[in-house]
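Working notes for the structure below.
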Amino acid sequence: MTEITQEKMEQIAQMWNARGKGLITHMALEIKEISAEAVLVRMPFNPDFCVDSAQTLLHGGILTALLDSVFGLANFVAIEGVSTMATLDLRVDYLRAAHSRSDVVVRANCYRVTRHIAFNSGSIWFDGHEDDEIARGAASFALTRGDTSLFSAMTKATV
Amino acid sequence: MDLQALNTNVSRVPFFRFLNFEVQEISETYAEAEITFESRHIGNPVMEYYHGGIIASFMEATAAIAVHPEFADIPAKPINLTVDYLRPAVKGPLTAGAMVTRKGKRIASVSVTAWQAARDKPVAEGLYHFLLV
Chain A
486 MTEITQEKME QIAQMWNARG KGLITHMALE IKEISAEAVL VRMPFNPDFC VDSAQTLLHG
546 GILTALLDSV FGLANFVAIE GVSTMATLDL RVDYLRAAHS RSDVVVRANC YRVTRHIAFN
606 SGSIWFDGHE DDEIARGAAS FALTRGDTSL FSAMTKATV
Chain B
5 MDLQALNTNV SRVPFFRFLN FEVQEISETY AEAEITFESR HIGNPVMEYY HGGIIASFME
65 ATAAIAVHPE FADIPAKPIN LTVDYLRPAV KGPLTAGAMV TRKGKRIASV SVTAWQAARD
125 KPVAEGLYHF LLV
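Just so you know, the protein sequences line up as chains A and B, in that order. Going by our numbering, the first sequence wraps up at 644, each residue one higher than the last. Going by our numbering, the second sequence wraps up at 137, each residue one higher than the last.
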């Protein structure tokens, strides 16, 4: 497993926790494992993300949003020298109804990167039920190479 | 289909309240809705662009309503989706138009476009499948 520099880990912690706005703070994501090969992230159950009035069934859209976010993280740790990154396209298969009040776990990786494009894949399951995937996704991202790091672009407004 | 009754049902869905949108047009094969921008929709905190996942979720919600506008509690069952992101979606209102391209006995295909100022400059296009049984 490739080691990630302490600096990068601190940058990630700052981006995810300290910037304090946007969807990512509502998802309250917790990084469980992280390397250039794969990232594993937990999203706590949140009744706001449900479709039914009993609040036990997650809307597929939040799983799509989770994949999009975690693909971004996987790219950030796997690719050096990227100044901006934009989702080009995203495909998600909903494999079974997301019927549970359990936390959700997602694993994502960047399985191929070129000068301009990153390719990602990922899976989602309820915590403790890795064999019963609830969704699987794939995406491609357009990368802009440059000296201004993604991190400084993301944080310059908050410092 | 009565828009007011439909929007009442929309407001009962927790995640639809999180998205904060209103259905503005509905027919047999088409639904159009507008989302009101909230800080919780942000994906890029510097530029204050919408999160791609919020755009895809809003398009999915509009597609589900186009397929099954009479839903009382749980919207139509989604099978899968593909979305192309064409432009960044900036702070402000965002509209989605969902056209049911085919509705069979078991499966429906819905084509969705999302735009802001001009419909001919879409921010995203998507194809969504739903299971009707």
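Think of the CB as a built atom: it goes at the ideal place given N, C-alpha and C, for glycine as much as any other residue. In this text the structure is predicted, and so the values were computed from the model without any measurement.
By how many angstroms is the C-alpha of residue j removed from the C-alpha of residue i?
i: Val644(A); j: Thr569(A); result: With a pLDDT of 34 at Val644(A), under the threshold of 50, the predicted position of this residue should be treated as unreliable, and no value is reported.
i: His601(A); j: Ala121(B); result: 29 Å
i: Ala550(A); j: Leu7(B); result: 28 Å
i: Ile111(B); j: Ala67(B); result: 13 Å
i: Leu10(B); j: Phe41(B); result: 21 Å
i: Ser538(A); j: Asp77(B); result: 7 Å
i: Ala642(A); j: Asn24(B); result: Interpretation of Ala642(A) is limited by its pLDDT of 47, a score under 50 that renders its predicted location unreliable; the figure taken from the coordinates is listed afterwards. Taking the straight line from one Cα to the other gives about 26 Å.
i: Gly607(A); j: Phe75(B); result: 31 Å
i: Arg592(A); j: Leu525(A); result: 4 Å
i: Ile619(A); j: Asp553(A); result: 16 Å
Might you give, ordered along the chain, the residues of its own chain that have their beta carbon closer than 7 Å to the beta carbon of residue i, omitting 5 neighbours on each side?
i: Val14(B); result: Phe20 and Val27
i: Tyr89(B); result: Gly56 and Ala128
i: Gly557(A); result: Met570
i: Gly631(A); result: Ser568
i: Gln540(A); result: Pro532
i: Asp574(A); result: Ala624 and Ser625
Enumerate in chain order the residues of its own chain whose CB-to-CB distance from residue i is below 8 Å, with the five nearest sequence positions on each side excluded.
i: Ala513(A); result: Met528, Pro529 and Asn531
i: Leu542(A); result: Cys535, Val536, Ala582, Ala583 and His584
Using the beta-carbon of each residue, which ones in chain A are nearer than 8 Å to residue i?
i: His3(B); result: Absent from the structure is residue 3(B), since the part of chain B shown begins at 5 and ends at 137.
i: Gly56(B); result: Ala550, Asp553, Thr572 and Leu575
i: Ala70(B); result: Under the 8 Å cutoff, chain A gives no residues; its nearest Cβ is about 15 Å from Ala70(B).
Using DSSP bridges, identify the partner residues of residue i.
i: Lys107(B); result: Ala112(B)
i: Ser606(A); result: Asn594(A) and Ala623(A)
i: Gly130(B); result: Val87(B) and Val116(B)
i: His584(A); result: Leu542(A)
i: Arg576(A); result: Ala623(A) and Thr86(B)
i: Val526(A); result: Ile516(A) and Val591(A)
i: Gly101(B); result: Glu36(B) and Thr117(B)
i: Ile30(B); result: Ala35(B)
Name the chain A residues whose beta carbon is nearer than 9 Å to that of residue i?
i: Thr86(B); result: Asp574, Leu575, Arg576 and Val577
i: Glu64(B); result: His544, Gly545, Gly546 and Thr549
i: Pro97(B); result: The contacting residues do not exist; Pro97(B) stays about 18 Å from chain A at best.
Determine the contact status of residue i and residue j, defining contact as a CB-CB distance below 9 Å.
i: Phe134(B); j: Ala100(B); result: no
i: Asp617(A); j: Phe611(A); result: yes
i: Ala37(B); j: Ala65(B); result: yes
i: Gly507(A); j: Pro49(B); result: yes
i: Gly622(A); j: Asn605(A); result: yes
i: Ser1(B); j: Gly130(B); result: Because chain B is modelled from 5 through 137, residue 1(B) falls outside the range shown and cannot be assessed.
i: Ala93(B); j: Tyr132(B); result: no
i: Arg576(A); j: Ala523(A); result: no
i: Val17(B); j: Val71(B); result: no
i: Val590(A); j: Glu615(A); result: yes
If the cut is a Cβ gap below 9 Å, which residues of chain B does residue i touch?
i: His511(A); result: Phe22 and Arg44
i: Cys595(A); result: The contacting residues do not exist; Cys595(A) stays about 16 Å from chain B at best.
i: Gln496(A); result: None at all; the shortest Cβ gap to chain B is about 14 Å.
Going along chain B in order, which residues have a C-beta closer than 7 Å to the C-beta of residue i?
i: Pro532(A); result: Pro18
i: Ser568(A); result: Result: empty, since nearest Cβ-Cβ is about 12 Å, beyond 7 Å.
i: Asp537(A); result: Asp77 and Ile78
i: Gln491(A); result: Result: empty, since nearest Cβ-Cβ is about 23 Å, beyond 7 Å.
Could you list which residues in chain B have their beta carbon closer than 8 Å to that of residue i, in chain order?
i: Asp617(A); result: None at all; the shortest Cβ gap to chain B is about 17 Å.
At 7 Å on the CB atoms, spell out the chain A contacts of residue i, in chain order.
i: Ile83(B); result: Tyr579
i: Ala100(B); result: Result: empty, since nearest Cβ-Cβ is about 12 Å, beyond 7 Å.
i: Ser113(B); result: Neighbours of Ser113(B) on chain A: none; closest Cβ ~15 Å, over 7 Å.
Identify, in the order they occur along the chain, each residue of the same chain with its Cβ nearer than 6 Å to the Cβ of residue i, setting aside the five sequence neighbours on each side.
i: Met63(B); result: Ala100, Val116, Ala118 and Gly130
i: Met494(A); result: none
i: Glu515(A); result: Arg527
i: Leu548(A); result: Ile609 and Ala620
Going by the C-beta, is residue i closer than 8 Å to any heavy atom of the ligand SAH?
i: Ile58(B); result: With respect to the ligand SAH, the structure offers nothing, as it holds no ligand at all.
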